[in-house]
Amino acid sequence: MFRISQFMHEIAHPTPLGVKRNPPGPVVIWNLIRRCNLNCKHCYALSADTDFIGELPTDKVYSVMDDLKRFGVPVLILSGGEPLLRPDIFEVSCHAKAMGFYVGLSTNGTLIGEHNIESIANVGYDYVGISLDGIGDTHDKFRRKEGAFEASLHGIRLCRQEGIKVGIRFTMTLDNAFELPDLLKLAEDEGVDKFYLSHLNYAGRGNTNRASDAAHDSTRWAMNQLFNACWDYEQRGMPKEFVTGNNDADGVYLLHWARRHFPDQADAIEAKLGQWGGNSTGVNIANIDNLGNVHPDTMWW
336 MFRISQFMHE IAHPTPLGVK RNPPGPVVIW NLIRRCNLNC KHCYALSADT DFIGELPTDK
396 VYSVMDDLKR FGVPVLILSG GEPLLRPDIF EVSCHAKAMG FYVGLSTNGT LIGEHNIESI
456 ANVGYDYVGI SLDGIGDTHD KFRRKEGAFE ASLHGIRLCR QEGIKVGIRF TMTLDNAFEL
516 PDLLKLAEDE GVDKFYLSHL NYAGRGNTNR ASDAAHDSTR WAMNQLFNAC WDYEQRGMPK
576 EFVTGNNDAD GVYLLHWARR HFPDQADAIE AKLGQWGGNS TGVNIANIDN LGNVHPDTMW
636 W
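Counting from 1 along the sequence shown, just add 335 to a position and that's the residue number in this note's numbering.
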């Protein structure tokens, strides 16, 4: 994951290059369940609305959490499939919070409603990430479900009303790149805390549909959109997070952007990028699938 906001803040408020501090353990993305109520065209997990045998029961999940705590893991991102389809999701989430983990929920947002928003708020999730891959019909076509956009947007609004930190996750392809400016505007209008652009990863159905990946010029255009938006928030003193995933060349492109716009800061940014180090698969990030198998990241299933 490439944290654009950190580097924009560094451009605005330069600091000396310090000693690199490594986290105590990897961030763990945990696909607790493979079942999903949607059938997204780019799903790396090949999720579907059916039960998958062999998934870990609650007691085994707790046992794994004990192992992760001993290993020094600081962060758990609970994902799926659709994690809200797991009957014990709130019990598991509360247990993780009680153990001292930073706990995030990665959801498509369609199952967040008045019936469960209080339970979601009571968990005290540190972050809830909700997928939006376009506006209206564009999103619905990606998710292969009519009304998915409105349901996800409703989930975002309920989270905001409860004071939950919420973010939008956008997977960009040729079919939806043109709606990035509209999604950035939606994120501002809705008061969303974080915007995460995921490049298409060639895993699962993302591999089947790799021909729809965004072209290089579209990708660079999108990065310029993100960089400019992030810099605007930085200038306004508004703490909105911008991150990208699945293409660490974004860091190199940021350096080119900095050389064009802030040449006096470019060498310092290059040093900070070098210290960041790029892809952290299997080092600062890890994945546990729905069967309890461990992978370097979510794309190695």
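Beta carbons are placed, not taken as given, at the ideal position from N, Cα and C, and that holds for glycine.
Since this is a predicted model, take the numbers as computed values, not measurements.
Problem - Straight-line gap, Arg479 to Met634 (C-alpha atoms, nearest Å) - result: The residue you call residue 479 lines up with position 144 of the sequence shown. The residue you call residue 634 lines up with position 299 of the sequence shown. Taking the straight line from one Cα to the other gives about 22 Å.
Practice task
State the Cα-Cα distance for the pair Val458 and Lys432, rounded to the nearest angstrom.
Solution key: Residue mapping note: residue 458 aligns to position 123 of the sequence shown, counting from 1. Residue mapping note: residue 432 aligns to position 97 of the sequence shown, counting from 1. Going by the C-alpha atoms only, they are around 8 Å apart.
Practice task
List the endpoints of the continuous alpha helix (DSSP H) containing Val354.
Solution key: The residue given as residue 354 occupies position 19 in the sequence shown. Taken as a continuous stretch (DSSP letters only), Val354 belongs to no alpha helix (DSSP H), as it is neither H nor E.
Exercise for the section: Go through its chain and collect everything with a Cβ distance to Ala593's Cβ below 7 Å, but skip five positions before and after it. Expected result: For the purposes of this step, residue 593 is taken as residue 258 along the sequence shown, with counting starting at 1. Here the set comprises Ile346, Gln600, Ala601 and Ile604.
Handout entry: Buried or exposed (CB count within 10 angstroms, at least 16 for buried), Ala550
Key = On the sequence shown, position 215 is the one that residue 550 refers to. Burial call: exposed.
Practice task
Rounded to whole angstroms, what's the CA-CA distance from Phe597 to Pro574? Just pull it up for me.
Solution key: Taking the sequence shown and counting its residues from 1, one reaches residue 597 at position 262. Taking the sequence shown and counting its residues from 1, one reaches residue 574 at position 239. Phe597 and Pro574: Cα-Cα distance of roughly 21 Å.
Practice task
Return the CA-CA distance between Lys404 and Val362, expressed in angstroms with no decimal places.
Solution key: Sequence index remark: in the sequence shown, residue 404 carries index 69 (1-based). Sequence index remark: in the sequence shown, residue 362 carries index 27 (1-based). One C-alpha to the other measures close to 12 Å.
Problem - Three-state class that DSSP yields for Tyr588 in the structure shown - result: Here residue 588 is taken as the residue at index 253 of the sequence shown, counted from 1. DSSP places Tyr588 in helix when its eight states are reduced to three.
Practice task
Would you please state the rounded distance, in angstroms, between the beta carbons of Leu518 and Ser553? I believe it to be under 8 Å.
Solution key: Against the sequence shown, residue 518 aligns to sequence position 183. Against the sequence shown, residue 553 aligns to sequence position 218. Incorrect: roughly 15 Å between the Cβ atoms, too far for contact.
Problem - According to DSSP, residues forming a beta bridge with Asn621 - result: As a working mapping, residue 621 is identified with position 286 in the sequence shown. The residue you asked about is not Asn; residue 621 is Ala in the sequence shown. Val363.
Practice task
Evaluate the contact criterion for the segment 384 to 395 versus the segment 511 to 525: three or more CB pairs, one atom per stretch, below 8 Å.
Solution key: no
Problem - Beta-carbon spacing of Gly416, Asn625 below 8 Å - result: For the purposes of this step, residue 416 is taken as the residue at position 81 of the sequence shown. For the purposes of this step, residue 625 is taken as the residue at position 290 of the sequence shown. Yes, these two residues count as a Cβ contact at 8 Å.
Exercise for the section: Within its chain, find whatever has a CB closer than 8 Å to the CB of Gly439; leave out the 5 residues flanking it on each side and keep chain order. Expected result: By one-based count along the sequence shown, residue 439 stands at place 104. Answer for Gly439: Val410, Leu411, Ile412, Leu413, Tyr460, Asp461, Tyr462, Val463 and Gly464, listed in chain order.
Handout entry: Proximity to Leu352 [Cα-Cα], best of Ala606, Phe577 and Phe425
Key = Locating residue 352 in the sequence shown gives position 17, counting from the first residue. Comparing Cα positions, the closest option is Ala606.
Problem - Limits of the beta strand (DSSP E) - the one that Thr579 falls within - result: Stepping through the sequence shown from its first residue, residue 579 is reached at position 244. It spans Glu576 to Gly580 - the beta strand (DSSP E) in which Thr579 sits, taken as one unbroken run.
Practice task
Keeping to the same chain, check which residues put their C-beta closer than 8 Å to that of Asp366; ignore five residues upstream and five downstream.
Solution key: Reading the sequence shown from its first residue, position 31 is the one you call residue 366. As written in the sequence, residue 366 is Asn, which differs from the Asp given in the question. Same-chain partners within the cutoff: Ala380, Ser414, Gly415, Gly416, Asn622, Ile623, Asp624, Asn625 and Thr633.
Practice task
Would you kindly work out how many angstroms separate the C-alpha atoms of Arg443 and Leu488, rounded to a whole number?
Solution key: Counting from one through the sequence shown, the residue named residue 443 turns up at place 108. Counting from one through the sequence shown, the residue named residue 488 turns up at place 153. Before going further, note that residue 443 is Asn rather than Arg in the sequence given. Approximately 10 Å between the Cα atoms of the pair.
Problem - Residue closest to Ala486, alpha-carbon to alpha-carbon, out of Ile499, Gln496 and Gly471 - result: Start at 1 with the first residue of the sequence shown, and residue 486 comes out as number 151. The residue with the shortest Cα to Cα distance from Ala486 is Gly471.
Problem - Pair within 8 Å by beta-carbon distance, Leu532 and Phe505 - result: In the sequence shown, the residue the question calls residue 532 occupies position 197. In the sequence shown, the residue the question calls residue 505 occupies position 170. Result yes, Cβ atoms of Leu532 and Phe505 sit closer than 8 Å.
Exercise for the section: Drop a sphere of 10 angstroms on the beta-carbon of Pro359, count the other beta-carbons inside from all chains shown, and report buried for 16 or more, exposed for fewer. Expected result: For the purposes of this step, residue 359 is identified with residue 24 of the sequence shown, where counting begins at 1. Under this definition Pro359 is an exposed residue.
Practice task
Indicate the three-state DSSP secondary structure (helix, strand or coil) for Phe597 in the structure shown.
Solution key: The residue given as residue 597 occupies position 262 in the sequence shown. Of the three classes helix, strand and coil, the one that applies to Phe597 here is coil, per DSSP.
Problem - Same chain, Cβ closer than 7 Å to Cys565, neighbours up to 5 away in sequence not counted - result: Along the sequence shown, read from residue 1 onward, the residue named residue 565 stands at position 230. The answer, listed in chain order, is Ile339, Ser340, Met343 and Phe577.
Problem - Of the listed residues Val427, Asp423, His630 and Asp528, nearest to Thr616 (C-alpha basis) - result: As a working mapping, residue 616 is identified with position 281 in the sequence shown. Looking at the Cα atoms, His630 is the closest of the given residues.
Handout entry: C-alpha gap between Met400 and Gly502, whole angstroms
Key = Your numbering for residue 400 matches position 65 in the sequence shown. Your numbering for residue 502 matches position 167 in the sequence shown. Distance between the alpha carbons of Met400 and Gly502 is about 25 Å.
Practice task
Classify Glu453 as buried or exposed, calling it buried when 16 or more other Cβ atoms lie within 10 Å of its own Cβ.
Solution key: As a position in the sequence shown, residue 453 is number 118, starting the count at 1. Burial call: exposed.
Practice task
Rank Tyr397, Glu514, Phe530 and Val427 by C-alpha distance to the C-alpha of Gly469 and give the top, closest one.
Solution key: The sequence position of residue 469 within the sequence shown is 134, counting from 1. With distances taken between Cα atoms, Gly469 lies closest to Glu514.
Practice task
In the DSSP assignment, find the beta strand (DSSP E) that holds Thr442 and state where it starts and stops.
Solution key: Here residue 442 refers to the residue found at position 107 of the sequence shown. Here the beta strand (DSSP E) through Thr442 covers Tyr437 to Thr442.
Practice task
Tell me Ile412's beta-bridge partners as DSSP assigns them.
Solution key: Within the sequence shown, numbered from 1, the residue matching residue 412 stands at position 77. The partner list for Ile412 (beta bridge, DSSP) reads Ile364 and Gly439.
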